[in-house]
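A short worksheet on the structure shown next.
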Amino acid sequence: MPAVHPATKKSPRIPHLSVVLPVYNEEKNIRLQYEEIVTALKPLGKTYEVIFIDDGSTDGSRDILRDIARNDKNIKLVLFRRNFGQTAAMSAGIDFATGEITIFMDSDLQNDPRDIGMLMKKIEEGYDVVSGWRKKRMDRLFSRKIPSQAANWLIAKVTGVKLHDLGCSLKAYRSDLLKQVNLYGEMHRFIPVHASWLGARITEVPVNHHPRKYGASKYGMKRTFKVLLDLITVTFLGKYSTKPIYVFGGTGLLLLMLGGMSGIAVIVMKIVLHQSMNRNPLLILTVMLAILSVLFIQIGILAEILIRIYHESQNKQPYSVLETMNIKKK
Numbered sequence: 053m054p055a056v057h058p059a060t061k062k063s064p065r066i067p068h069l070s071v072v073l074p075v076y077n078e079e080k081n082i083r084l085q086y087e088e089i090v091t092a093l094k095p096l097g098k099t100y101e102v103i104f105i106d107d108g109s110t111d112g113s114r115d116i117l118r119d120i121a122r123n124d125k126n127i128k129l130v131l132f133r134r135n136f137g138q139t140a141a142m143s144a145g146i147d148f149a150t151g152e153i154t155i156f157m158d159s160d161l162q163n164d165p166r167d168i169g170m171l172m173k174k175i176e177e178g179y180d181v182v183s184g185w186r187k188k189r190m191d192r193l194f195s196r197k198i199p200s201q202a203a204n205w206l207i208a209k210v211t212g213v214k215l216h217d218l219g220c221s222l223k224a225y226r227s228d229l230l231k232q233v234n235l236y237g238e239m240h241r242f243i244p245v246h247a248s249w250l251g252a253r254i255t256e257v258p259v260n261h262h263p264r265k266y267g268a269s270k271y272g273m274k275r276t277f278k279v280l281l282d283l284i285t286v287t288f289l290g291k292y293s294t295k296p297i298y299v300f301g302g303t304g305l306l307l308l309m310l311g312g313m314s315g316i317a318v319i320v321m322k323i324v325l326h327q328s329m330n331r332n333p334l335l336i337l338t339v340m341l342a343i344l345s346v347l348f349i350q351i352g353i354l355a356e357i358l359i360r361i362y363h364e365s366q367n368k369q370p371y372s373v374l375e376t377m378n379i380k381k382k
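This is the structure:
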């Protein structure tokens, strides 16, 4: 089936709820996940759609998803041509979702679909974003829980968005707000931060979390370092995207001040210790490393800005769709 582009106009029969699940090599979990979601959604008495975004799975996940979609028209399927990453999958979910409320969750059975009703109630109370908090997280302590807690603490301090568990995939959003958020790179975990820039009302609720039964986790320790780098980008975009001179100019002034201090130190060493000014390798090495560090960070920020200009000016999506099922072209 040829790829179908996201609808630009609303259907007369808009579902109340869209549940979006990125999938990557979860063949042992998919059918069980589908059954748990349907069991949890039916008692809510709301119209719904469940959108599986297959992010280039190489196991049997795609065949299982096709079989589910053939037998249940409430299930929508989007298959990527290759693996583009979780952010791209969530971006596709935002594009293809038509419900008034959009809920994201993982497809590995660790999130509990029975919590969806609780998230929806919070949205109905007037909140724009409801974030799940895995208060009793069933993951490894040193490789997952402690790095996550440290990262969440740092993100809350830097961005001002006071959430305990930004990494929890189970979140609910008002769809009209969510569609104003553009996602690239690895920025999916910062959606609540982006929403806060738009004036969203944000809250969090404790949710269930189950240990993984089948398959292997797609995350490791390197994810923590990616989060820290993304935090630098998010902070810059949130505070200085319209006034970058404050960052670059401030950095330049700081380097100028440090250069002046180092110059004075060299002069003092020359006068007091009679040390040669042009043969001080420690000073040269320190200055060179400091300048290189600043340049690399600034080049990274500039690259983030340029990639956004590239995508948004050409209306490009950070993914390529191979096939869709149960998604009608408007």
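Just so we're aligned: the sequence shown equals residues 53 to 382 in our numbering.
For every residue, glycine included, the Cβ atom is placed at its ideal position computed from N, Cα and C.
Just so it is clear, the structure is predicted and the values come from calculations on it, not from any experiment.
Asked, Found
"Between which two residues does the beta strand (DSSP E) containing M377 stretch?", "V373 to M377"
"Return the CA-CA distance between R346 and S314, expressed in angstroms with no decimal places.", "Here residue 346 turns out to be Val, not Arg, going by the sequence shown. Taking the straight line joining both Cα atoms gives about 17 Å."
"Quick one: give me the first and last residue of the alpha helix (DSSP H) that Y86 is part of.", "I82 to L93"
"Run the CB neighbour count on N204, radius 10 Å, all protein chains shown included, and call it buried at 16 or more, exposed below.", "buried"
"Return the first residue and the last residue of the alpha helix (DSSP H) that L171 is part of.", "I168 to E176"
"Hey, could you find the ends of the alpha helix (DSSP H) P244 is sitting in?", "I243 to W249"
"Around the Cβ of Q162, are there at least 16 other Cβ atoms within 10 angstroms (buried) or fewer (exposed)?", "buried"
"Leaving out five residues on either side along the sequence, give the residues of the same chain with a beta carbon under 8 Å from the beta carbon of R65.", "T99"
"So the candidates are I319, L305 and L289; which of them puts its Cα closest to the Cα of L354?", "L289"
"Could you spell out where the beta strand (DSSP E) holding I155 opens and where it closes?", "I153 to F156"
"Just to confirm, is the Cβ distance from F148 to I103 under 8 Å?", "yes"
"Using a threshold of 8 Å, state whether the C-beta atoms of L215 and L283 are closer than that.", "no"
"Below 8 Å on the Cβ atoms is my contact criterion, and I expect L413 with I155 to pass it. Report the Cβ-Cβ distance as a whole number of Å.", "Since the displayed the chain opens at 53 and closes at 382, residue 413 lies outside it and no answer follows."
"Is DSSP giving H437 helix, strand or coil here?", "Since the first and last residues shown for the chain are 53 and 382, residue 437 lies out of range."
"Can the beta-carbon of L374 be found closer than 8 Å to that of R118?", "no"
"Looking only at its chain, what residues have a beta carbon closer than 6 Å to the beta carbon of A121, apart from the 5 residues adjacent to it on each side?", "I127, L129, M377 and N378"
"How many angstroms separate the CA atom of I316 from the CA atom of V339?", "14 Å"
"Answer with buried or exposed for G311, where buried requires no fewer than 16 other C-beta atoms within 10 angstroms of its C-beta.", "exposed"
"Could you tell me whether the Cβ atoms of N260 and D115 are closer together than 8 Å?", "no"
"Helix or strand or just coil, what does DSSP make of N123?", "helix"
"Pick out whichever of T110, G112, S328 and L230 has its Cα sitting closest to the Cα of V72.", "L230"
"Short of 7 Å in beta carbon distance, which residues of its chain neighbour N81, apart from the five on each side in sequence? Order them along the chain.", "S159, D160, L161, Y266 and G267"
"Where does L222 land, buried or exposed, given buried means 16+ other C-beta within 10 angstroms?", "buried"
"Roughly how many angstroms lie between the CA atoms of G219 and T91, to the nearest whole one?", "25 Å"
"Could you tell me the alpha carbon to alpha carbon distance between K278 and T285, rounded to whole angstroms?", "11 Å"
"Cα separation between K62 and L341?", "Note that K62 has pLDDT 45, beneath the 50 cutoff, so the model's placement of it is unreliable and no number is given."
"Going by DSSP in three states, L129 sits in which element: helix, strand or coil?", "strand"
"If I measure Cβ to Cβ from H262 and keep anything under 7 Å in the same chain, skipping five residues before and after, which residues do I get?", "L161, Q162, D164 and M190"
"What are the residues that DSSP puts in a beta bridge with F104?", "L73 and L129"
"The ligand NAD and T338: does the residue's C-beta get closer than 7 Å to at least one heavy atom of that ligand?", "With respect to the ligand NAD, the structure offers nothing, as it holds no ligand at all."
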